[in-house]
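To start, the structure under review is shown below, and the notes come after it.
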Amino acid sequence: MDNFDSYALFLLVVIPMAGAVVVMLIPGALKQQIRWVSSAFALSALLVSFYVFWAYDHEAGGFQFQRTWDWLAMPGTGPLSDKAITLALGIDGIAAPMILLTGIVMFTGVLISWKIADRNKEFFVLYQLLLSGVFGVFVSLDLFFFFFFYELAVLPMYLLIGVWGSSSEFPTFSRAKEYGAMKLMIFLVAGSVLIWIAIMAIFVESGIGSFNLLELQNVTFSDNFQRVFFPFLMVGFGVLAGLWPFHTWSPDGHVAAPTAVSMVHAGVLMKLGAFGIIRVGILLMPEGAQDWMPVLIGLGTVNVLYGAWSALGQTDLKYVIGYSSVSHMGYVLMGIATLNSLGVTGAVLQMLSHGLMTALFFAVVGVVYDKTHTRDINVLEGLSKRMGFTAVLFAIAGFASLGLPGLSGFVAELLVFLGLFQTYPILGVLGIIGAAITAVYILRLMAKVFFGPLGERWQDETDASGLERFSTLILAGFILLVGLFPFPFIRVINTGVLEILQKFPEAG
Amino acid sequence: MMVEPSLVLFYLASAITLGGALGVVMTRNIVYASFALLAAMMGVAGVFLLVFAEFLALVQILIYGGAVVIVLLFALMLTRLEDFQNLTDHRQWPIAAVISIGLFALLVTAIVTTSVRTTEPQSIDFETLGETLFTQWAIPFEVASLVLLVALIGSIVLVRTDGDRD
Amino acid sequence: MNNNFLLLMPEFLVTGLAFLVLTADFFLRGDRKNFLPYLAVLGLIGALTFTLIDQWDRVDHLYEGLILIDGYALFFKAFFLVLGVIVVLSSVEYVKRNLDNPGEYYGILIFTIVGMMLMAASGELLTAYISLELLSFGLYVLVSFDRYGAKSNEAGTKYILLGAFSSALMLYGISQVYGLLGTTRFDGIAEALSATPDISPGVLVGLVLIIAGLGFKVASVPFHMWAPDAYEGAPIPVTAYLAVGSKAAAFALVLRFFVEALMPAVGDWQMIIVIMAALTMTVGNLVALAQSNLKRLLAYSSIGHVGYLLMGVAALAAVGDDGRVQLQLSHLASNGLMLHLVAYGVTNMAVFLGIAVVYNATGKDDIANLAGLSRRAPFLSAVMAVSFFSLAGLPIFAGFVSKFYLFNAVALQGLLWLAGLAIFTSLISLYYYLNVVRQIYIEDAPDPTPISMPKLTVGVMGVLFLAIIFLGVYPVPLMEAIQHASDALMSSESPIGLSQGLR
Amino acid sequence: MIELAHLQILSAGLFAIGTYGVLARRSAVLILMSIELMLNAVNINLVGYAAFVDFDEATRSFGQVLVIFVITIAAAELALAIAIILRLYRNRSTVNVDEIDLMKW
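Chains as they are written, first to last, in the numbering used here: chain S, 2 to 509; chain W, 89 to 254; chain Z, 2 to 504; chain U, 2 to 106.
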């Protein structure tokens with residue numbers, strides 16, 4: 002299998018892309034075939050991602066599955082300029098669980114999108130292109146391709162939301178899906194403007210003529226440089242991670258998006274932001290990171306509290322989930338900002354956990370919306386009587402979200418809090434207050450929408466279809482798995498985290 | 089100190105040139121403008137003569153006097169002349185004036201501050217001129233003939249009438 | 002003086018082709034005139050093949066550097082010939098439907114290609130100027146070719162007036178260079194410039210005027226006013242040609258002129274170009290936001306792209322702390338510039354071809370006319386969306402790689418802020434491109450009848466589509482060709498070479 | 002005694018006047034005439050340099066060669082421009098460039 006190993010990561014990027022090409026070649030009228038082909042590609046990507054996660058050797062640590070293909074030379078820029086831009090792939094303990102997450106969400110997303118009938122060919126082409134970009138970011142060890150895939154993951158969003166999304170009507174105002182799509186695109190690309198500038202600055206400053214992260218991490222950038230350019234990365238990636246005050250695209254975008262896209266976007270794409278901060282920001286500019294961490298941790302705290310507080314006031318199911326994502330990403334940012342092993346490991350585990358949980362949330366809300374054609378909390382009442390399965394699944398996601406022991410959220414948040422108490426105990430308290438608010442809105446929501454008396458209008462609703470049950474069960478299963486057996490995951494994540502933290506002699 | 093006759097003639101030619109030029113950009117009547125242009129061109133030809141560029145003076149008179157101005161007048165005759173009797177300028181002409189005065193000042197400054205090694209004015213005989221044109225500069229010459237050809241074809245295509253559609 | 006005129010064979014061939022097309026027009030009647038474009042295409046492909054075989058790796062010159070034969074010229078000649086083929090093919094349908102006199106149309110088009118080829122090869126200002134005029138004259142005619150369309154005439158009038166004005170500026174500059182440096186050959190200028198520690202005000206004024214004249218030709222702010230009008234009024238294939246061909250040719254000339262003639266005076270012009278580039282990309286992209294006509298939108302967007310290209314010119318050299326000109330990274334800037342030219346060219350051709358199809362079907366070219374296009378013509382819509390994304394600089398398309406490379410080259414020369422501004426303005430451009438994509442994909446079509454496309458158009462679009470993606474995913478072969486061209490431009494073995502004593 | 006500076010300043014003046022005409026006039030034909038003035042300024046400049054500067058024979062005659070080219074191209078440009086303007090006049094009955102306003106930004 003040596004041979005396969007060296008291609009595994011490449012396959013992860015290529016499978017969805019090939020899926021997009023194959024679907025593109027199928028005539029648009031063969032809707033059923035398109036679905037089957039897409040799910041076949043998604044399943045194979047899932048299998049490969051399983052394999053990669055399983056075969057990652059946490060004892061050896063470091064970057065594994067490495068493979069490098071030469072791409073473009075930029076002669077004259079430095080000693081390594083013959084291989085300035087290479088397609089260098091490799092994963093460490095942080096990327097491995099993210100790949101697993103992506104595989105799962107991608108596959109379940111395809112199943113959830115089975116019902117899409119209008120132009121489903123274009124949908125699956127764009128969807129798979131998006132996922133190809135996501136995989137690409139997690140496996141790239143070259144800044145050019147990192148950025149390439151990062152942009153690729155943003156590119157299809159506009160059409161995915163604009164064409165297949167839904168507009169929201171509120172009593173006082175309405176949010177067209179085009180608005181959500183445009184806002185999301187502009188915010189995310191504005192973020193990548195900062196990233197791009199930082200990447201160029203890194204390349205110029207390093208003077209080695211290479212975009213390869215493994216080469217660049219041996220370069221020591223001056224303190225001043227790090228201080229100036231770390232915020233570019235922090236804010237640039239932070240936009241995608243939902244960093245307050247740049248988060249406003251997130252609820253609007255997620256609400257407007259079709260179910261599967263919300264799942265991928267909240268579940269995986271937002272993680273790219275946090276992943277980028279670790280992979281590029283902390284790896285290359287540790288001093289800058291240290292200088293700016295108080296700011297990041299402060300903003301992360303605001304994220305947690307503000308997101309939870311906003312979620313409290315929402316009447317639209319998807320907006321609740323959208324703001325809860327903002328709140329939960331706050332834990333990730335806080336965890337990263339602790340810069341200690343517990344906190345960062347917790348943050349990465351929270352990325353995994355929140356990815357699964359939000360995907361499940363959006364999938365379930367999608368089911369509810371499909372049946373009832375509304376997402377208004379004031380109207381939906383007591384659905385568990387008619388949609389028992391859906392209600393249970395929502396409860397699992399909800400409990401994971403408020404950190405019930407035995408589910409993934411608990412372990413992750415616990416680690417983050419432990420990390421926080423080592424560094425900023427007060428903020429740890431604030432984080433726990435955030436978790437308490439989360440409990441309030443999640444429980445209130447469940448009580449009202451699912452477990453209250455059954456509303457008149459919903460007498461004739463039916464429960465989720467077989468396909469929906471299957472896909473949501475996969476997600477729920479993993480939430481339980483991570484919650485009950487977190488150690489295999491923590492083990493892998495921890496190896497990656499420790500390596501990065503070696504950059505900080507005094508912390509760690 | 090004696091004022092040299094050539095210098096007097098030069099001032100005269102310059103006056104005609106600049107006067108004609110001012111006429112072109114000031115007058116409200118397009119026919120007057122054409123004649124002012126003709127005067128300016130003749131003034132330029134005079135300047136050429138004064139610095140021993142006889143051939144160029146000849147070309148100047150033939151092409152501008154004989155061709156350009158005639159073409160302009162013919163073109164005007166093809167239109168209703170009353171459209172061109174009372175021409176007005178852009179309202180932002182003062183800006184244009186400022187720009188061109190600034191340009192003039194800039195050019196004069198550059199002229200004054202740039203030193204050039206000069207000699208007595210010398211003429212160039214026709215033979216050298218022809219030889220240079222047709223040997224060293226043969227390629228631009230041929231390309232120029234293509235340019236003329238394109239202009240010719242273009243003018244014909246554009247002006248030709250198809251009867252029914254005009 | 003021993004001149005091998007066979008070196009000009011490619012130009013002779015293309016000129017001959019133009020005459021052939023013009024003559025054939027007399028002998029063909031009615032429908033048979035439809036053969037003309039195919040004759041032109043065959044001829045251009047023949048000339049391309051001949052050029053590649055004949056001038057591969059050949060380094061030579063005519064008349065002591067009036068015309069240079071080197072890898073740089075070859076690269077652009079090949080590019081222009083390929084471009085010519087694409088433009089002719091994109092014109093077929095449009096000309097058949099909308100214009101009279103196909104013979105003159107294609108004939109003049111081919112003459113302009115000769116002009117472009119000579120521009121890339123000239124090593125002297127007069128030759129460059131005359132070649133530029135050959136191109137410009139052809140374009141003046143082509144822009145006004147829609148004789149009965151008032152818009153076309155109007156565009157032609159504005160274009161020729163401003164074109165003539167810019168020629169006058171440039172000629173005044175050339176006269177200054179001639180008078181004060183005593184030569185107009187690029188190597189001679191470089192030598193004269195490096196001979197003195199400071200360039201005289203007279204020469205500086207001359208150079209500024211030449212730059213201004215060239216600025217008009219490439220439609221750089223503040224010399225851009227003609228471009229939107231000319232773009233909107235011209236027949237669509239001509240607009241495409243204007244946007245891609247004339248711009249590429251002008252930059253081919255600009256690049257050679259700056260590298261081979263002006264390099265010693267880099268400290269004197271760099272700031273001018275930097276400011277022009279910054280203004281051009283900002284104004285172009287901001288004004289594009291307000292457009293409702295697609296051709297006008299693309300005009301302003303192409304002004305924005307000129308800003309990026311000018312940035313490449315500005316980054317050709319850096320002045321070190323010791324006041325010496327540093328050239329180690331020059332080839333990166335010229336590589337980036339050429340790469341972006343090609344990527345931009347391919348992409349823009351696809352866009353304009355799409356607009357031509359829509360125009361042929363609906364008779365309009367407003368952005369709103371694209372509403373619901375994705376249901377009327379899925380393939381066309383996909384190609385157009387891909388092109389807009391490529392113009393905005395998103396992966397996996399050509400525009401991403403070229404922008405990344407070019408902006409990086411600029412950053413490497415110490416102009417990080419300029420590269421940052423460029424990235425920011427391309428964010429702005431994303432907004433208006435997305436608005437077009439929105440019309441295509443999200444809005445509903447008022448008239449949902451499918452648009453049928455001739456097979457030829459589908460084929461050309463397909464090729465452009467694949468090219469956009471191929472260049473975005475694997476630009477390595479093109480980059481090698483470009484590197485070759487850059488080396489020819491910068492190497493000391495080139496016919497005139499980079500002048501030795503840089504101060 | 003005529004000096005180079007005389008011709009240069011005459012040329013600069015003519016060039017500036019021509020520029021003014023291009024920027025200030027509204028009639029296309031008058032703009033065209035102003036451009037001719039500018040080109041003549043170029044020619045005076047060239048002739049001046051060719052006559053006065055301490056050049057060798059070939060460079061000297063090159064100056065005049067340049068003038069011939071300028072005159073040739075200028076004449077062709079004028080003819081073509083007149084053709085286009087006449088076309089416009091037939092379709093729109095105006096030659097004022099700011100009345101030509103089918104297109105605005």
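Backbone N, C-alpha and C fix where the C-beta goes; we use that ideal spot for every residue, glycine too.
Residue i by DSSP, collapsed to three states: which one?
i	result
D102(U)	At D102(U), the pLDDT of 47 sits below 50, so the modelled position is not reliable and the matter cannot be decided from this model.
T249(W)	coil
V320(Z)	strand
L7(Z)	helix
F390(S)	helix
V54(U)	strand
T363(Z)	helix
Q501(Z)	Confidence at Q501(Z) is low in this model, with a pLDDT of 41, below 50, so its placement is unreliable and no value can be given for it.
S223(S)	coil
T206(W)	strand
S28(U)	strand
What residue range does the alpha helix (DSSP H) around residue i cover?
i	result
G22(U)	L5 to A25
R376(Z)	L374 to R377
L419(S)	S409 to T424
L431(Z)	L417 to Y442
D464(S)	It is not in any alpha helix (DSSP H) - D464(S) carries neither H nor E in the DSSP assignment.
Tell me, please, which residues DSSP counts as bridged to residue i.
i	result
H62(Z)	L69(Z)
R297(Z)	For R297(Z), which the question treats as bridged, DSSP gives no partner whatsoever.
R176(S)	S169(S)
A89(S)	T69(S)
R186(Z)	E125(Z)
V1(Z)	Given a span of 2 to 504 for chain Z in the structure shown, any question on residue 1(Z) remains unanswerable.
D143(S)	N213(S)
T109(S)	DSSP output for T109(S) lists no bridge partner at all.
Who are the neighbours of residue i on chain Z, taking C-beta pairs under 9 Å?
i	result
T206(W)	Ordered by position in chain Z, no residue passes the 9 Å Cβ test against T206(W), which lies about 10 Å from the chain.
L73(S)	V402, Y406, P476, V477 and M480
G64(U)	S176, Y179 and G180
R93(U)	A151, N154 and E155
Just the chain Z side, please: which residues come within less than 7 Å of residue i by C-beta, in chain order?
i	result
V228(W)	It is Pro, not Val, that sits at residue 228(W) in the sequence shown. Those are L127, T128 and I131, listed as they occur along chain Z.
V190(S)	L428 and L431
A59(U)	Simply none; closest approach about 10 Å.
Can you name the residues of chain S whose CB is closer than 7 Å to the CB of residue i?
i	result
Y442(Z)	L160, G163 and V164
Taking Cβ-Cβ distances shorter than 7 Å, what residues in chain W pair up with residue i?
i	result
S1(Z)	Here chain Z comprises residues numbered 2 to 504, so residue 1(Z) is not present and cannot be evaluated.
List the residues of chain Z whose Cβ lies closer than 8 Å to the Cβ of residue i, in chain order.
i	result
L202(S)	This sequence places Ala at residue 202(S); Leu is not what is there. Per Cβ cutoff of 8 Å: A412 and L417.
Going along chain U in order, which residues have a C-beta closer than 7 Å to the C-beta of residue i?
i	result
I104(W)	Near I104(W) there are no residues of chain U at all, since even the closest Cβ is about 11 Å away, more than 7 Å.
P61(W)	Residue 61(W) lies beyond the range of chain W shown here (89 to 254); nothing can be said about it.
What residues from chain U crowd round residue i, counting only those whose CB sits closer than 8 Å?
i	result
I161(Z)	E78, L81, A82 and I85
List, in order along the chain, the chain U residues whose C-beta lies closer than 9 Å to that of residue i?
i	result
E134(Z)	I74, A77 and E78
I158(W)	The contacting residues do not exist; I158(W) stays about 11 Å from chain U at best.
Determine the chain W residues that contact residue i at a beta-carbon separation under 8 Å, and present them in chain order.
i	result
E261(Z)	Those within 8 Å of E261(Z) in chain W number zero; the least Cβ separation is about 18 Å.
For this session: Scan the segment 121 to 137 of chain W for residues whose Cβ lies nearer than 8 Å to a Cβ of chain U and list them as they occur along the chain.
Result: Answer in chain order: A121, S122, L125, A128, M129, V132, V135 and F136.
Problem set entry | Positions along the segment 176 to 189 of chain S whose CB lies within less than 9 Å of some CB in chain Z | Along the segment 176 to 189 of chain S, going in chain order, the ones with a CB nearer than 9 Å to a CB of chain Z are K178, E179, A182, M183, M186 and I187.
Problem set entry | Where the segment 298 to 325 of chain Z meets chain U: residues whose CB sits under 7 Å from a CB there | Going along the segment 298 to 325 of chain Z in chain order, one finds no residue with a Cβ nearer than 7 Å to chain U.
Exercise. Using a beta-carbon distance cut-off of less than 9 Å, what residues from the segment 51 to 72 of chain Z approach chain W?
Worked result: Those residues of the segment 51 to 72 of chain Z that come within reach of chain W (Cβ to Cβ, closer than 9 Å) are L63, Y64, E65, L67 and I68.
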